[in-house]
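Student:
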Amino acid sequence: MSQKQVFPDNFLWGGAIAANQAEGAFDADGKGLSTADMVPYHKKKDYTNLSALMHVTSESITEAMKVKTAEGYPKRYGIDFYHRYKEDIALFGELEFKVFRLSMNWSRIFPNGDDAEPNEAGLQFYDNVFDELRKYNIEPLVTLSHYEMPMTLVLNYGGWKNRKVISFFEKYAETVMNRYKDKVKYWLTFNEINTTIIEPFTGGGIVGDREENVQQASYQALHHQFVASALVTRKAREINPEFRIGCMLARMIHYPATSSPEDVLQAQVDNQLNLLHTDVQVWGSYPPIAKRYFEENNIQLVQEPEDEQFLLENTVDFISFSYYTSLISTTTPEKYGVTGGNLYSTVKNPNLKVTEWGWQLDPIGLRIVLKEFYDRYKLPLFVVENGLGARDKVEEDGSIIDDYRIDYFRQHIEQLAEAIKDGVEVMGYTSWGAIDIISASTSEMSKRYGFIYVDQDDEGHGTLNRYKKKSFHWYKKVIASNGADL
Ligand code: BGP
5 MSQKQVFPDN
15 FLWGGAIAAN
25 QAEGAFDADG
35 KGLSTADMVP
45 YHKKKDYTNL
55 SALMHVTSES
65 ITEAMKVKTA
75 EGYPKRYGID
85 FYHRYKEDIA
95 LFGELEFKVF
105 RLSMNWSRIF
115 PNGDDAEPNE
125 AGLQFYDNVF
135 DELRKYNIEP
145 LVTLSHYEMP
155 MTLVLNYGGW
165 KNRKVISFFE
175 KYAETVMNRY
185 KDKVKYWLTF
195 NEINTTIIEP
205 FTGGGIVGDR
215 EENVQQASYQ
225 ALHHQFVASA
235 LVTRKAREIN
245 PEFRIGCMLA
255 RMIHYPATSS
265 PEDVLQAQVD
275 NQLNLLHTDV
285 QVWGSYPPIA
295 KRYFEENNIQ
305 LVQEPEDEQF
315 LLENTVDFIS
325 FSYYTSLIST
335 TTPEKYGVTG
345 GNLYSTVKNP
355 NLKVTEWGWQ
365 LDPIGLRIVL
375 KEFYDRYKLP
385 LFVVENGLGA
395 RDKVEEDGSI
405 IDDYRIDYFR
415 QHIEQLAEAI
425 KDGVEVMGYT
435 SWGAIDIISA
445 STSEMSKRYG
455 FIYVDQDDEG
465 HGTLNRYKKK
475 SFHWYKKVIA
485 SNGADL
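Taking our numbering, the leading residue of the sequence shown gets 5, the next gets one more, and so forth.
1. Please determine if the segment 101 to 116 and the segment 31 to 44 are in contact, where contact requires at least 3 C-beta pairs separated by less than 8 Å.
2. Closer than 8 Å: is that where the CB of Gln25 sits relative to any heavy atom of the ligand BGP?
3. Okay, do the segment 442 to 462 and the segment 394 to 404 touch, 3+ Cβ pairs below 8 Å being the bar?
4. For Tyr327 versus Asn390, is the C-beta spacing smaller than 9 Å?
5. What three-state label does DSSP hand Thr39 in the structure shown?
6. Rounded to whole angstroms, what is the Cα-Cα separation between Tyr161 and His416?
7. Taking C-alpha atoms, which residue in Tyr190, Asn109, Tyr297 and Met153 lies nearest to Pro144?
8. Assuming Asn353 contacts Tyr412 under a Cβ cut-off of 8 Å, what Cβ separation, rounded to an integer in Å, is found between them?
9. Helix, strand or coil for Ser264, going by three-state DSSP, please let me know.
10. Looking at the unbroken beta strand (DSSP E) that takes in Ala20, where does it start and where does it end?
11. Who are the Cβ neighbours of Leu16 in its own chain at under 7 Å, not counting the five residues just before and after it?
12. Judging by CA-CA distance, which residue of Asp283, Asp267, Val373 and Lys295 is the nearest neighbour of Thr336?
13. If contacts are defined as beta-carbon pairs under 8 Å, then Tyr140 and Ile93 qualify, I think. What distance do you get, rounded to the angstrom?
14. Could you work out which residue in Ser149, Lys239, Val180 and Ala271 is closest to Phe134 when comparing CA atoms only?
15. May I have the straight-line CA-CA distance separating Ile257 from Gly18, to the nearest angstrom?
16. Under the three-state reduction of DSSP, which class applies to His150: helix, strand or coil?
17. Using 8 Å as the threshold, is the segment 299 to 315 in touch with the segment 219 to 228, meaning 3 or more CB pairs across them?
18. Identify every run of the alpha helix (DSSP H) within the segment 368 to 399, keeping only runs that are complete inside it and at least 4 residues long; order them along the chain.
19. Throw me the rounded Cβ distance for the Phe30 and Arg88 pair, which I believe falls under 8 Å.
20. Can you name the residues that DSSP bridges to Pro144?
21. Nearest to Val284 by CA position, among Gly250, Arg414 and Thr262, is which residue?
22. Got a sec? Which residues, its chain only, sit under 8 Å from Lys480 by beta carbon, not counting five neighbours each side?
23. I need the DSSP call for Arg255, collapsed to helix, strand or coil.
24. Verify the contact flag: Asn278, CB atom, against every heavy atom of the ligand BGP, threshold strictly below 8 Å.
25. By the three-class DSSP mapping on this structure, what secondary structure does Gln307 have?
26. Does DSSP classify Arg470 as helix, strand or coil?
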């Protein structure tokens with residue numbers, strides 16, 4: 005019996021990368037240094053405290069600024085997508101991607117962030133990428149800010165905690181939206197905007213030294229990003245009414261550790277604090293939980309009178325999000341051997357397996373998240389990141405038998421199909437990382453996500469040759485059957 009078609013005919017199957025983890029060419033053709041170029045390779049392998057590894061203080065930035073080569077800074081060479089994009093896009097074409105999510109490196113367009121004129125070579129690079137995608141009928145889905153910003157904006161202005169950065173971001177967005185108004189339809193403003201709170205440096209581009217009130221600085225930076233996102237959304241609609249603008253959240257759904265009302269309430273609050281980011285970008289104002297949280301944590305946002313109107317009048321067309329794992333909430337973390345509040349040292353869920361990097365595997369969580377988003381907002385949804393980071397082995401004959409990755413995707417796409425049967429409107433699905441790229445949180449190459457293997461190790465040694473994994477052929481079938489053949 006042929007399985008009843010579940011995915012709509014125009015469902016956008018594809019994969020995703022981020023400029024700062026893939027392009028490399030950190031100082032090519034006029035590009036300025038970006039914050040991502042400052043993140044060294046973490047030789048430490050303490051995955052339980054990744055946020056400490058990711059947080060870069062102003063001292064380490066000064067050190068990194070002295071290093072003018074790629075050595076020890078993997079995001080400075082990436083997988084050399086900058087020079088190999090044609091080969092990679094040909095592989096995405098072989099997979100018959102309908103959409104390809106990529107981000108633009110802001111410092112390729114405005115090397116210092118506050119330059120009077122854009123860098124033409126940077127603009128030309130993305131013109132070439134979009135033209136290459138068009139050859140294979142692949143729709144670009146562009147993230148304007150994905151975990152990087154021009155270093156100069158951090159050093160001279162303090163990053164997103166300075167309201168002036170809003171105007172620089174608006175100028176960057178207006179420049180690229182005008183330039184590519186006939187090549188790009190789908191735009192996302194900030195990748196995982198909630199990480200501005202979790203990873204103030206990597207996410208929000210603020211140099212919050214440990215002693216500074218990082219919460220205050222981070223929420224102020226986040227507010228400026230909300231305003232910037234609203235202004236860019238307004239500008240986008242003026243440039244091309246056909247544009248579709250999305251917000252992007254790292255959806256970290258929290259389950260209560262027990263059925264105690266205290267744990268259930270804690271999970272509800274943790275979920276509300278995660279969803280406050282989409283509340284602001286979909287509803288156009290801070291929800292009540294945010295106001296109470298700010299009061300209780302002595303966070304005084306500095307807002308301009310026009311901010312409220314900006315947010316209210318310029319909300320998004322769709323919600324995009326990353327989903328990797330579910331988390332546990334409890335009022336007694338010490339009972340589970342967890343101390344400190346950082347995201348990665350989460351309470352273990354006894355019902356779930358974990359990856360080598362401690363991420364819990366919960367496919368059903370994806371269905372829960374989709375249903376909840378749709379119930380809450382009734383807007384089209386786009387899963388723009390979902391994938392498994394794992395060490396892949398190259399066999400003697402050169403094959404890479406990543407059955408574990410096929411299982412991961414099969415289970416998550418099955419839940420995606422169930423959510424659609426539940427009536428949830430989903431626009432598309434871009435797996436994370438279409439191709440092996442540098443890990444955002446650990447700067448490792450060995451934490452591989454792609455359907456395409458890249459011959460490069462954690463220290464940057466290798467031929468950079470690309471090889472199709474077993475999952476490449478599997479995903480090609482999934483796309484060809486529009487999700488029917490899993
Ligand atoms: C998300 C980021 C991506 C990607 C992914 C996997 O938070 O938006 O950039 O990196 O996480 O995380 P990692 O690369 O740290 O394994």
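Just so it is clear, CB atoms sit at the ideal spot from N, CA and C, and this is done for glycine as well.
Tutor: Once the coordinates are examined:
1. yes
2. Within the sequence shown, numbered from 1, the residue matching residue 25 stands at position 21. Yes, the beta carbon of Gln25 sits closer than 8 Å to at least one heavy atom of the ligand BGP.
3. yes
4. What you label residue 327 is simply residue 323 of the sequence shown in a count that begins at 1. What you label residue 390 is simply residue 386 of the sequence shown in a count that begins at 1. Yes, the Cβ-Cβ distance between Tyr327 and Asn390 is below 9 Å.
5. The residue given as residue 39 occupies position 35 in the sequence shown. It is helical.
6. Within the sequence shown, residue 161 is the residue found at index 157, counting from 1. Within the sequence shown, residue 416 is the residue found at index 412, counting from 1. Tyr161 and His416: Cα-Cα distance of roughly 42 Å.
7. Position 140 of the sequence shown, counted from the first residue, corresponds to residue 144. Out of Tyr190, Asn109, Tyr297 and Met153, Tyr190 has the C-alpha closest to the C-alpha of Pro144.
8. For the purposes of this step, residue 353 is taken as residue 349 along the sequence shown, with counting starting at 1. For the purposes of this step, residue 412 is taken as residue 408 along the sequence shown, with counting starting at 1. With 8 Å as the limit, Asn353 and Tyr412 do not qualify as a contact, their Cβ atoms being about 17 Å apart.
9. As a first step, residue 264 must be located in the sequence shown, where it is residue number 260. Of the three classes helix, strand and coil, the one that applies to Ser264 here is coil, per DSSP.
10. In the sequence shown, the residue the question calls residue 20 occupies position 16. Per DSSP, Ala20 belongs to the beta strand (DSSP E) from Leu16 to Ala20.
11. Translated into positions along the sequence shown, residue 16 becomes position 12. So the qualifying residues of the chain are Lys102, Val103, Glu143, Met431 and Gly432.
12. Taking the sequence shown and counting its residues from 1, the one referred to as residue 336 is at position 332. Of the candidates Asp283, Asp267, Val373 and Lys295, the one whose C-alpha sits nearest the C-alpha of Thr336 is Asp267.
13. Here residue 140 is taken as the residue at index 136 of the sequence shown, counted from 1. Here residue 93 is taken as the residue at index 89 of the sequence shown, counted from 1. The pair is a contact, with the Cβ atoms about 6 Å apart (cut-off 8 Å).
14. The residue you call residue 134 lines up with position 130 of the sequence shown. Ranking the options by Cα distance to Phe134, first place goes to Val180.
15. Mapped onto the sequence shown, residue 257 falls at position 253. Mapped onto the sequence shown, residue 18 falls at position 14. If I take the Cα positions, the gap works out to 24 Å.
16. Translated into the one-based positions of the sequence shown, residue 150 becomes position 146. Residue state, collapsed to three classes: coil.
17. yes
18. none
19. In the sequence shown, counting from the first residue as 1, residue 30 sits at position 26. In the sequence shown, counting from the first residue as 1, residue 88 sits at position 84. That pair is no contact at about 15 Å.
20. Here residue 144 refers to the residue found at position 140 of the sequence shown. In the DSSP output, where bridge partners are listed per residue, Pro144 has Phe104.
21. One-based indexing of the sequence shown puts residue 284 at position 280. Closest by alpha carbon: Gly250.
22. Along the sequence shown, read from residue 1 onward, the residue named residue 480 stands at position 476. Correct list, in chain order: Glu98, Leu99 and Glu100.
23. Numbered from 1 along the sequence shown, position 251 holds the residue referred to as residue 255. Arg255: coil per DSSP, three-state reduction.
24. The sequence position of residue 278 within the sequence shown is 274, counting from 1. For the ligand BGP, not one heavy atom lies less than 8 Å from the Cβ of Asn278.
25. Translated into the one-based positions of the sequence shown, residue 307 becomes position 303. Note: Gln307 maps to coil in three-state DSSP.
26. Counting from one through the sequence shown, the residue named residue 470 turns up at place 466. Reduced to three states, the DSSP call for Arg470 is strand.
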